[in-house]
Amino acid sequence: MDLFKQYGRQYWWPVLGNGAEHDKTFEICVGAILTQNTAWTNVEKALNRLLDANLMTLKAISECSVVKLRKCIQSAGYFRQKTKKLKIFSGWIIKKYDGNWKKFFAKPILEARQELLNLWGIGKETADSILLYAGNKSIFVIDVYTKRLCKKYGVEFKDYDDYRDFFEKGLSRIPSGWSRVEFYNEFHALIVRFGKEKSIAIIHKIS
DNA sequence: ACCCAGGCGCATG
DNA sequence: CATGCGCATGGG
Numbered sequence: 005m006d007l008f009k010q011y012g013r014q015y016w017w018p019v020l021g022n023g024a025e026h027d028k029t030f031e032i033c034v035g036a037i038l039t040q041n042t043a044w045t046n047v048e049k050a051l052n053r054l055l056d057a058n059l060m061t062l063k064a065i066s067e068c069s070v071v072k073l074r075k076c077i078q079s080a081g082y083f084r085q086k087t088k089k090l091k092i093f094s095g096w097i098i099k100k101y102d103g104n105w106k107k108f109f110a111k112p113i114l115e116a117r118q119e120l121l122n123l124w125g126i127g128k129e130t131a132d133s134i135l136l137y138a139g140n141k142s143i144f145v146i147d148v149y150t151k152r153l154c155k156k157y158g159v160e161f162k163d164y165d166d167y168r169d170f171f172e173k174g175l176s177r178i179p180s181g182w183s184r185v186e187f188y189n190e191f192h193a194l195i196v197r198f199g200k201e202k203s204i205a206i207i208h209k210i211s
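Be aware that the first sequence starts at 5, since it is given in the working numbering, and climbs by one per residue.
Structure below.
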């Protein structure tokens with residue numbers, strides 16, 4: 005909470021306003037995939053290019069040519085892999101859920117998570133980001149910053165899911181006025197920024 | 001000229 | 001099981 009007082013809301017996702025009617029849930033998923041090991045500034049450029057090209061929809065991405073898609077997302081790096089990832093992801097949600105997010109997010113959370121993990125190109129962090137930020141599911145997202153923070157305080161696990169349990173159990177009391185989802189969202193964002201700026205701040209009593 | 005960024009899949013020992 | 005490596009761009 006000290007971090008929160010210091011920095012305030014981070015407003016991570018959502019999202020590019022830009023007036024245009026596009027699928028914001030999808031935009032979050034695209035961002036989650038494009039930002040894999042990549043600076044967000046580079047991802048933003050790619051997202052804007054996709055918007056400008058009217059490609060920020062499931063249908064458009066899954067139907068557009070590989071060459072065109074690559075050009076749009078080039079700035080986000082690893083563009084060959086990421087093009088494939090976006091196409092696989094889009095094709096899957098269209099085929100299995102008629103492109104209807106509600107149908108997918110209606111599933112029990114762990115089933116939904118596993119299904120994401122079964123897709124090529126979606127690992128645990130990306131899956132959890134999609135569930136939390138796109139699906140508003142209460143899943144705590146772990147990334148390198150979170151692990152670094154833990155290590156600093158002498159907490160280490162070998163498995164990703166052990167970190168996740170640690171935070172989800174440790175953060176059992178949610179501050180009043182916050183939903184669990186909002187709190188996870190904000191907490192994760194703060195950790196990332198905290199890591200970036202190497203600020204001195206204290207998170208106590210996590211567990 | 002390096003190093004890093006909101007990872008992941010795959011090959012190797 | 002657990003490391004190691006390739007993937008690619010742009011900013012410090």
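Glycine included, each C-beta is placed from N, C-alpha and C at the ideal position.
Note that this is a predicted model, so its numbers are computed, not measured.
Item to check | Minimum C-alpha distance to Phe198 - residue among Tyr157, Gly181, Tyr149 | outcome: The candidate whose alpha carbon is nearest that of Phe198 is Tyr149.
Checklist entry - Looking at C-alpha atoms only, which residue of Ala80, His26, Asn41 is the closest neighbour of Asp56? => result Ranking Ala80, His26, Asn41 by Cα distance to Asp56 puts His26 first.
Checklist entry - Looking at C-beta atoms only, is the number of pairs between the region 112-124 and the region 68-83 that lie closer than 8 Å three or more? => result Flag = no, the region 112-124 and the region 68-83 do not touch.
Item to check | Environment of Thr29 [buried if 16+ CB atoms lie within 10 Å] | outcome: Buried.
Checklist entry - If we ignore side chains and look at the alpha-carbon of each, how far apart do Arg84 and Phe191 end up? => result Looking at the two C-alpha atoms, the distance is approximately 32 Å.
Item to check | Thr39 versus Val47 - alpha carbon distance | outcome: Thr39 and Val47 have their C-alpha atoms roughly 6 Å apart.
Next on the checklist: For a minimum of 4 consecutive residues, which ranges assigned as the alpha helix (DSSP H) are wholly contained in the region 91-170?
Outcome noted: Listed in chain order, the complete alpha helix (DSSP H) runs (minimum 4 residues) inside the region 91-170 are 105-109, 113-122, 128-133, 148-156.
Next on the checklist: Using a 10 Å radius around the Cβ and a threshold of 16 neighbouring Cβ atoms, would you call His127 buried or exposed?
Outcome noted: Position check: residue 127 holds Gly in this sequence, whereas His was assumed. So Gly127 ends up on the exposed side.
Next on the checklist: Quick check: what's the CA-CA separation for Lys91 versus Thr61?
Outcome noted: Using only the alpha carbons, I get a separation of about 11 Å.
Checklist entry - How many Å lie between Thr130 and Val71 at the Cα? => result If I take the Cα positions, the gap works out to 24 Å.
Next on the checklist: Please state the DSSP three-state secondary structure of Thr29.
Outcome noted: Reduced to three states, the DSSP call for Thr29 is helix.
Checklist entry - How long is the line joining the alpha carbons of Pro112 and Arg177, rounded to whole angstroms? => result For Pro112 and Arg177, the distance between alpha carbons rounds to 23 Å.
Checklist entry - If you compare alpha carbons, which of Val159, Ser183, Tyr157, Lys151 is closest to Ser142? => result For the set Val159, Ser183, Tyr157, Lys151, the Cα lying nearest the Cα of Ser142 is the one of Ser183.
Checklist entry - By how many angstroms is the C-alpha of Leu20 removed from the C-alpha of Leu194? => result If I take the Cα positions, the gap works out to 20 Å.
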